[in-house]
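Structure, as structure tokens:
There are 2 protein chains.
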Amino acid sequence: MSARRILIVGGVAGGASAAARIRRLDERARIVMFERGPYVSFANCGLPYYVGGEISRREDLLLHTPESLWDRFRIEARVRTEVVEVDRSARTVRVRDLAAGTESLEPYDALLLAPGSVPVRPPLPGWERPGHFVVRNVPDVDEIRSWIGAHAARRAVVVGGGYIGLEMTEQLHLRGLEVSLVEALPQVMAPLDPEMAGWLHRELRARGVDLHLGDPVVAFEEPGPGEAAAASVVRLRSGFRLPADVVILALGVRPEVTLARQAGLELGELGGIRVDDHLRTSDPHIWAVGDAIEVRDRVTGRWTLLPLAGPANRQGRVAADNICGRPSRYEGSWGTAILRLFGLVAGCTGVNERTLRRLGLPFEAVHLHPGSHAGYYPGAEPVALKVLFHPGTGRLWGAQVVGRDGVDKRVDVLATALQAGLTVDALADLELAYAPPFGSAKDPVNLAGMVGQNVRSGLVRPAQWHEVERLDPARALVVDVRSAEERRQGFIPGSVHIPLSQLRERLGELPRDREIIVACASGQRSYFAARILEQHGFRVRNLTGSYRTWSAARETPGAATWLMGGTGGRSPARG
Amino acid sequence: MSARRILIVGGVAGGASAAARIRRLDERARIVMFERGPYVSFANCGLPYYVGGEISRREDLLLHTPESLWDRFRIEARVRTEVVEVDRSARTVRVRDLAAGTESLEPYDALLLAPGSVPVRPPLPGWERPGHFVVRNVPDVDEIRSWIGAHAARRAVVVGGGYIGLEMTEQLHLRGLEVSLVEALPQVMAPLDPEMAGWLHRELRARGVDLHLGDPVVAFEEPGPGEAAAASVVRLRSGFRLPADVVILALGVRPEVTLARQAGLELGELGGIRVDDHLRTSDPHIWAVGDAIEVRDRVTGRWTLLPLAGPANRQGRVAADNICGRPSRYEGSWGTAILRLFGLVAGCTGVNERTLRRLGLPFEAVHLHPGSHAGYYPGAEPVALKVLFHPGTGRLWGAQVVGRDGVDKRVDVLATALQAGLTVDALADLELAYAPPFGSAKDPVNLAGMVGQNVRSGLVRPAQWHEVERLDPARALVVDVRSAEERRQGFIPGSVHIPLSQLRERLGELPRDREIIVACASGQRSYFAARILEQHGFRVRNLTGSYRTWSAARETPGAATWLMGGTGGRSPARG
Chain A
1 MSARRILIVG GVAGGASAAA RIRRLDERAR IVMFERGPYV SFANCGLPYY
51 VGGEISRRED LLLHTPESLW DRFRIEARVR TEVVEVDRSA RTVRVRDLAA
101 GTESLEPYDA LLLAPGSVPV RPPLPGWERP GHFVVRNVPD VDEIRSWIGA
151 HAARRAVVVG GGYIGLEMTE QLHLRGLEVS LVEALPQVMA PLDPEMAGWL
201 HRELRARGVD LHLGDPVVAF EEPGPGEAAA ASVVRLRSGF RLPADVVILA
251 LGVRPEVTLA RQAGLELGEL GGIRVDDHLR TSDPHIWAVG DAIEVRDRVT
301 GRWTLLPLAG PANRQGRVAA DNICGRPSRY EGSWGTAILR LFGLVAGCTG
351 VNERTLRRLG LPFEAVHLHP GSHAGYYPGA EPVALKVLFH PGTGRLWGAQ
401 VVGRDGVDKR VDVLATALQA GLTVDALADL ELAYAPPFGS AKDPVNLAGM
451 VGQNVRSGLV RPAQWHEVER LDPARALVVD VRSAEERRQG FIPGSVHIPL
501 SQLRERLGEL PRDREIIVAC ASGQRSYFAA RILEQHGFRV RNLTGSYRTW
551 SAARETPGAA TWLMGGTGGR SPARG
Chain B
1001 MSARRILIVG GVAGGASAAA RIRRLDERAR IVMFERGPYV SFANCGLPYY
1051 VGGEISRRED LLLHTPESLW DRFRIEARVR TEVVEVDRSA RTVRVRDLAA
1101 GTESLEPYDA LLLAPGSVPV RPPLPGWERP GHFVVRNVPD VDEIRSWIGA
1151 HAARRAVVVG GGYIGLEMTE QLHLRGLEVS LVEALPQVMA PLDPEMAGWL
1201 HRELRARGVD LHLGDPVVAF EEPGPGEAAA ASVVRLRSGF RLPADVVILA
1251 LGVRPEVTLA RQAGLELGEL GGIRVDDHLR TSDPHIWAVG DAIEVRDRVT
1301 GRWTLLPLAG PANRQGRVAA DNICGRPSRY EGSWGTAILR LFGLVAGCTG
1351 VNERTLRRLG LPFEAVHLHP GSHAGYYPGA EPVALKVLFH PGTGRLWGAQ
1401 VVGRDGVDKR VDVLATALQA GLTVDALADL ELAYAPPFGS AKDPVNLAGM
1451 VGQNVRSGLV RPAQWHEVER LDPARALVVD VRSAEERRQG FIPGSVHIPL
1501 SQLRERLGEL PRDREIIVAC ASGQRSYFAA RILEQHGFRV RNLTGSYRTW
1551 SAARETPGAA TWLMGGTGGR SPARG
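Chains as they are written, first to last, in the numbering used here: chain A, 1 to 575; chain B, 1001 to 1575.
Structural data, given as structure tokens:
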């Protein structure tokens, strides 16, 4: 049997990962990888950090070169080479050498499509002028760096508050630029619910980022005479005009399906390539991986687009196995993701409350603010935790974590629990590693499980941050059980104040004809209060996450209406 | 119905946790907690850090006082009060006020025993002289600090290389003392296998700790004339004599069962209190939690003693539920634990290889050394990872992790996976949070799963570090595929050197009549090499963990014989 010819379109995460695995499975195969850009296997997720200078050596972004791929794996990697057509019946691809302008036909036994995604361009005038950049590959960041240098850029506008937009905001700020971040939605980092995204908004504002939420760009205007802006003046729907020396367009990505469409492969409703559990397309000789495909959301069972490096790499491995005749399945994605934003870290896994509401799925939500490790050991920081679960079965729907320490660990533990099909109750029993520098005897994840158990067993009924705004004072009363000192620093309007230590003596002050919603700083002392009141015959609910969650939600304009599926609000104009 | 009387013996982790939960479940119960020492609810695990000064404020160790327990929970906490007798038929306890010397009888409806453990004292002359300390409670660390100050102590000897011994070694060293650590076994931190403990030995030596392994103390001698030693001269079996200004006795703990034995409660073979899944003792009105009880090892199904704060706290909650008529189960422990030692962190979950060998259970072991996060982002550190699994089912037996960054996260993910019953294969598919500062597109845990898959599917056969020492050169050859530069820094004796990039051209140099064991730095490139060689018809195995694991094992004297159940070796004499 002659060696199989395996062609791969795209040489970054999924494509490169598959190529190396194929070689390990088949030493004789001819493996050819085509990459349109000048680099294979570069550190996609590192690009913003090279702009900011945290990654100082450009060569660190280049994980492999065509030479190193050949030396180690006998993979032929052809850069600046585009696959322009697939002839499925002949099993050939037409390949264009972009430098030489020549074309050739390459036969294949198996074809793997890993073309990635393309940045969404705004349907607006002006974005194609100089000084406007996307962040997709190494040449993009080369250009951004040289533009910033050449124009001594002082003011940047970042359009889009997703991962890339936030990372670029951070990195440009670290470089010393004044940064405006503009987001059409009322919140950044859409996988978070709005009250959790509120922490990011607060952090951005605290760092001096000029944040515009719920306020889309309507034009990139040419600077007027006397307007200092090397790139453009970014005009927002609200009327704000932001002069920019450099504009970063980070409006998200869409699957690159030009070739798949030309080849007549089946696409999904979301515009990605449709694959089966073996990552095979509608053609039995063609597989596809990465940002270009639609995957199953493992929580909801729906198709989704999830342009993340982790899944792409795993898909590369699975596709390689199947191409080499080793049956292997990729059953979908869980949406686990993480972001560092200045001193804050935010991560999530599974689905959020907004999605659950949209799909009409039953859920319960709990919020907590435990310390990242034992409070008596220096350096503990509160961790804001939101856990969503099915009220009937207790099965986890998803979780969100925001804080300054220990966030990535809790996200990963919760992601593992979610994938393993654990209930919220089981989180209480997880035996996690405890020593004072790392956690607590009751880890934040354990505490989330205990809160979940308390809710599911009826020991406490939670109230949510978004209910407090709309309370009818004739029917409910918020009781704040924090200390006087804490209350002085801010409180929920309309709440009455009875410190927990006085509660048992002051029961007579509380109404028995209305529901009582108890609140403290984090929801823990108010839980104690709820138990006292309930046992004394009051109708009571505990404000989950209490003051911290409630106040974080106020950082997101129109958070409650946005959560319920509305359009949310817009940041108040400032300055 | 009159209020129930619930008495609790012991006011630290399990006891305090139970008391607070009982109050939340039963506002009317009378809850009385008896603590022999002067403090309730102190930060047991924080004690070493107060000696070292990392925890600078003594009051931070005191999580609650009798006053705060009364204010918040209406718990009567009586310190310096010892329960000296239980009358099970009368359901009373006899209580002695240690200050006043008076006794009283207290009736109970439910009794919870949370007496903790007592430090093991060495059966040797001299340990009771001044300057010899255990680390059990706040008065102990008060005394250690004042002794060190009063005697201007310069030299410390720590006896015992468990968690407390290692933490005290670190903290005394941080205080500027010269520290000798003496351990009777050939390794510290017994839950680790010897090649993983080797990293701790290397760290201790690198920090200048005088480490004596496999060398038990035989006497604490009075210093001779002219011997400067404020406490004693510690004599080891090998003949070493270590002058000590302060001696820390950290030989482990045994369950405190004085009261349980007096009461005639059933004890287990390991000397702990026997309880059922509801943490009820052999008396239906008495429950027990914490260091004093035996628990099921969830991996092996055997009884074990596990004196850790995390399980104690969870047990407190479960006992409280059962005492209050809410059925709740504690089904055992998983042995998850963690330690920080200077710049290194070591953690584990489940059982180790030594235990699996002793019990004759079938297992496969893989070692890895991936980076703690993406290599192109600054600050990544290698993480030494060992994963043990059942070769037939793939079910995890346990895991060990050692490194300078990201260790606690991987331990917790692996602990969660173990508890959830995942296979090693499933680790490959875990969707963990990836951004450059936190992980890699293929997280170390994913990589462990991929290695496990490769082993289980027969793609590669692992060789172990302990096989390399005993290789018959007529039957096997070690081939080192690292670079020349790496090889110059050390290699496995008897190995031949062919860099991976030259392997395909130099196949003719390799024997076909012998098994080839390929090695590199971490086991990854040698896996690539193994795949090449196997596909070219060689008999080949991959040295799992390769040079890094092999060289770490050499830090543990007699590591291989100790792993197999022998006695191991002794550190070579130095200086």
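For glycine and all other residues, C-beta sits at the position ideal for the given N, C-alpha and C.
Owing to the predicted nature of the structure, the values given are computational and were not obtained by experimental measurement.
State buried or exposed for GLN1502(B), treating a residue as buried only when at least 16 other CB atoms are found within 10 Å of its CB.
-> exposed
Simplified DSSP state of THR102(A), which is helix, strand or coil = coil
Compute the minimum distance between the beta carbon of ARG1072(B) and the heavy atoms of the ligand ADP, and state whether it is under 7 Å.
-> With respect to the ligand ADP, the structure shown offers nothing to examine, as it has no ligands at all.
Helix, strand or coil: how does DSSP classify GLY116(A) here?
-> coil
When the Cα atoms are used, what is the spatial distance from ARG1514(B) to ARG1539(B)?
-> 7 Å
For GLY332(A) versus ARG296(A), is the C-beta distance shorter than 8 Å?
-> yes
In terms of alpha-carbon separation, which member of ALA426(A), VAL479(A), LYS442(A) lies closest to GLN453(A)?
-> ALA426(A)
Does the region 539-554 of chain A come within contact of the region 1273-1291 of chain B, defined as at least 3 CB pairs closer than 8 Å?
-> no
Could you give the residue range of the beta strand (DSSP E) that holds MET1033(B)?
-> 1030-1034
Hey, is CYS1324(B)'s beta-carbon within less than 8 Å of any beta-carbon in chain A?
-> no
Please compile the residues from chain A whose C-beta is within a distance smaller than 7 Å of the C-beta of ASP1429(B).
-> ARG314
Identify each residue in the region 1292-1313 of chain B for which the Cβ-Cβ distance to at least one residue of chain A is less than 8 Å, and report them in chain order.
-> LEU1308, ALA1309, GLY1310, PRO1311, ALA1312, ASN1313
Own chain residues within Cβ distance below 6 Å of GLY14(A), not counting five before or after = ALA114, VAL289, GLY290, ALA312, GLN315, GLY316
Counting Cβ pairs, one atom from each stretch, are 3 or more of them under 8 Å apart for the region 471-483 of chain A and the region 517-535 of chain A?
-> yes
Pairwise C-alpha distance: HIS1285(B) and ALA1099(B) | 29 Å
Close beta carbons around ALA474(A), own chain, < 8 Å, minus the five adjacent residues each side = ARG514
Cβ neighbours of CYS1520(B) in the same chain (closer than 6 Å, five flanking residues each side left out) | VAL1481, ARG1482, SER1526, SER1546
Secondary structure, beta strand (DSSP E): runs of 3+ residues fully inside the region 1029-1092 of chain B = 1030-1034, 1075-1078, 1081-1087
Would the beta-carbon of HIS1212(B) fall within 8 Å of that of VAL1182(B)?
-> yes
Taking only beta carbons into account, state which residues of the region 1409-1435 of chain B come closer than 7 Å to chain A, listed in chain order.
-> LYS1409, VAL1411, ASP1412, VAL1413, ALA1415, THR1416, ALA1417, GLN1419, ALA1420, LEU1422, ASP1429, LEU1430, GLU1431, LEU1432, ALA1433, TYR1434, ALA1435
Check whether LEU249(A) and TRP147(A) have beta carbons under 8 Å apart | no
How big is the Cα-Cα spacing for GLY575(A) and GLU76(A)?
-> Residue placement at GLY575(A) is poorly supported in this model, since its pLDDT is 38, which falls under 50; the coordinates are not used for a value here.
So what does GLU364(A) bridge to, in DSSP terms?
-> PHE389(A)
Chain A within 8 Å of PHE1438(B), Cβ atoms only = yes
In angstroms with no decimal places, state the Cα-to-Cα distance between PHE240(A) and MET564(A).
-> 28 Å
Put ILE498(A) into one of helix, strand or coil per three-state DSSP.
-> coil
Indicate whether VAL246(A) and PRO119(A) have their beta-carbon atoms separated by less than 8 Å.
-> no
Check each candidate in HIS278(A), SER328(A), TRP334(A) and name the one with the smallest Cα separation from ARG302(A).
-> TRP334(A)
Cβ of LYS442(A) within 8 Å of any chain B Cβ | yes
Residues that CYS45(A) contacts on chain B, provided the C-beta gap is smaller than 8 Å = ALA1374, TYR1434, ALA1435, PRO1436, ALA1441
Is THR1416(B) near ALA417(A), with beta carbons less than 8 Å apart?
-> yes
Contained alpha helix (DSSP H) runs [length at least 4] in the region 488-568 of chain A, N- to C-terminal order | 500-503, 524-535, 546-553, 559-563
If we count the other Cβ atoms within 10 Å of its Cβ and call it buried at 16 or more, is GLN262(A) buried or exposed?
-> exposed
Cβ-based neighbour list, SER571(A), same chain, cut-off 7 Å, excluding 5 preceding and 5 following | LEU211, HIS212, LEU213, GLY214, ASP215, PRO557
Start and end residues, beta strand (DSSP E) containing ASP581(A) | No answer is possible for residue 581(A): the residues shown for chain A start at 1 and end at 575.
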